[in-house]
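Residue numbers (full-length UniProt numbering): 1 to 441.
The structure appears right after this line, and notes come after that.
Right, dumping it as structure tokens:
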């Protein structure tokens, strides 16, 4: 069945008359070079004498051979030979120089229904037509004039995730009044923020690093206020990146033997803290989020997620692993799920009510037992994820949705990919750290 489908697809891609004279000759020469003259004639159903005449340009290769020639080459090889015009004609999109727009749109819509094809198309457009896309996307952004107000100020100082201090608020106000006050949210502002410096109200060029940081806070504020939808919110955060996390990860070397020693000591002396450390390695989840999730463990809870327009269970378990929904995708320190091996579930149930505070864990682990600080377990885990998983999968697990522009359809696709990749990651961690499937206290 598969061979028959492949043959039909090739005939559709390359019907008689598709190839030019030079393209036929190029494919024929390549085929003879691969198979030899005898096998090439058998594949094409022609005589040795005809083959000789074709190769020496004594006779033109008949167009009826186009499908047979195409059958002997892979899709990538054919696409490299065929021109854009020929591809459009073979798909029926271009005929007699006229473009069939309804058919073209129908083909694109059909391809976009497949999540994998959709991602390939979007990445292609982002690579080849980034400038044009940015201009078009900017037209869909609501026209909002940027003004500092008491509501934004209150949100900055009272938000749950890392509220800013009075000193930082003063600095933010100065940056805002100099570079952002009165500007309109749109393509022109995004282009300014993309660069390393931007021209501000004082007619001087200022570095955009801190300006971007304040701008990203404002975008989050607009989303919380309901003035931006999820898609626009994630697109803006993706277009204007904040801190560069990767540089931070590479600063301190963390040796495998030190991590192994840390885990061994904690397993023997403090199994409750050992559980916290294991979860950070297996999930890449921040110290504060691991501790808070264990202390408020609610596996049976169901939450409504606005951007998905559906309910999500806190805890979902598959054969090899579980994922606990944290629901902090829009925080400054994002976290969507805490992935962990299923075998740790019984350990969590045993120790969840006995987990110490973050301060106590740090004091016992670092000062009393002399092991690595908790934050290094997360950094080490992220490095392992980076080495063992595709970029979009590990970023999804870490909850960096704004970097991936996660929408409803893409969320389900990435969740499926994460569930498929995570069992191999468990094995990778166990192998690197000599853990036993994994070891439990």
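Yeah, the Cβ is synthetic: ideal placement off N, Cα and C, and Gly gets one too.
Computed from a prediction, not measured in an experiment: that's the story for all the values here.
query                                                                                                                                                                                               : result
Compare the beta carbon distance of residue 338 and residue 351 with 8 Å and say whether it is the shorter of the two.                                                                              : no
Measure the alpha-carbon distance for residue 390 versus residue 383 and round it to whole angstroms.                                                                                               : 12 Å
If contact is defined by three or more beta carbon pairs under 8 Å, each pair taking one atom from either stretch, is the segment 295 to 304 in contact with the segment 269 to 285?                : no
Spatial neighbours of residue 431 within its chain, please: CB distance less than 7 Å, with the 5 preceding and 5 following residues excluded, ordered by chain position.                           : none
Any idea if residue 270 is buried or exposed, counting beta-carbon neighbours within 10 angstroms, 16 or more meaning buried?                                                                       : buried
For residue 199, count neighbouring Cβ atoms within 10 angstroms of its own Cβ and tell me buried if that reaches 16, exposed if not.                                                               : exposed
Measure how close the beta-carbons of residue 185 and residue 144 come, nearest whole angstrom, since I'm counting them as under 8 Å.                                                               : 4 Å
Please say whether residue 220 and residue 242 have beta carbons closer to each other than 8 Å?                                                                                                     : no
If distances are taken between C-alpha atoms only, which option among 181, 255, 306, 115 comes closest to residue 379?                                                                              : 255
Starting from the C-beta of residue 362, find all residues in its chain whose C-beta is less than 8 Å away, skip the five residues before and the five after it, and write them out in chain order. : 373, 374
Grab the span of the alpha helix (DSSP H) containing residue 312 for me, first residue to last.                                                                                                     : Per DSSP, residue 312 belongs to no alpha helix (DSSP H); it is in the beta strand (DSSP E), 310 to 313.
Between residue 326 and the rest of its own chain, which residues show a CB-CB distance below 8 Å, the 5 nearest in sequence each way excluded?                                                     : 285, 289, 293, 335, 336, 337, 338, 399
Going by DSSP, which residues form a beta bridge with residue 322?                                                                                                                                  : 317, 340
Pair every Cβ in the segment 28 to 35 with every Cβ in the segment 56 to 73, then say whether three or more of these pairs are closer than 8 Å.                                                     : yes
Hey, residue 414 and residue 392 are a contact pair by Cβ (cut 8 Å); roughly how many whole angstroms apart?                                                                                        : 6 Å
At 4 residues or longer, and completely inside the segment 52 to 77: list those alpha helix (DSSP H) runs for me, N to C.                                                                           : 66 to 71
Can you give me the Cβ contacts of residue 24 inside the same chain, cut-off strictly under 6 Å, excluding the 5 residues immediately before and after it?                                          : 61
So residue 102 is in the alpha helix (DSSP H); what residue range does that whole segment cover?                                                                                                    : 101 to 112
What does the alpha-carbon distance come out to for the pair residue 312 and residue 105?                                                                                                           : 34 Å
Spatial neighbours of residue 213 within its chain, please: CB distance less than 7 Å, with the 5 preceding and 5 following residues excluded, ordered by chain position.                           : 242
Short check: CB of residue 169 to CB of residue 146, under 8 Å?                                                                                                                                     : no
If we count the other Cβ atoms within 10 Å of its Cβ and call it buried at 16 or more, is residue 381 buried or exposed?                                                                            : buried
Pick helix, strand or coil for residue 98, following the three-state DSSP scheme.                                                                                                                   : strand
Nearest to residue 165 by alpha carbon, out of 397, 153, 224?                                                                                                                                       : 153
Alpha carbon to alpha carbon, what distance is there between residue 125 and residue 22?                                                                                                            : 31 Å
If you compare alpha carbons, which of 47, 167, 411, 424 is closest to residue 310?                                                                                                                 : 411
Pop quiz: residue 178 and residue 206 are said to be a contact at Cβ under 8 Å. What is the actual Cβ separation, rounded to whole angstroms?                                                       : 7 Å
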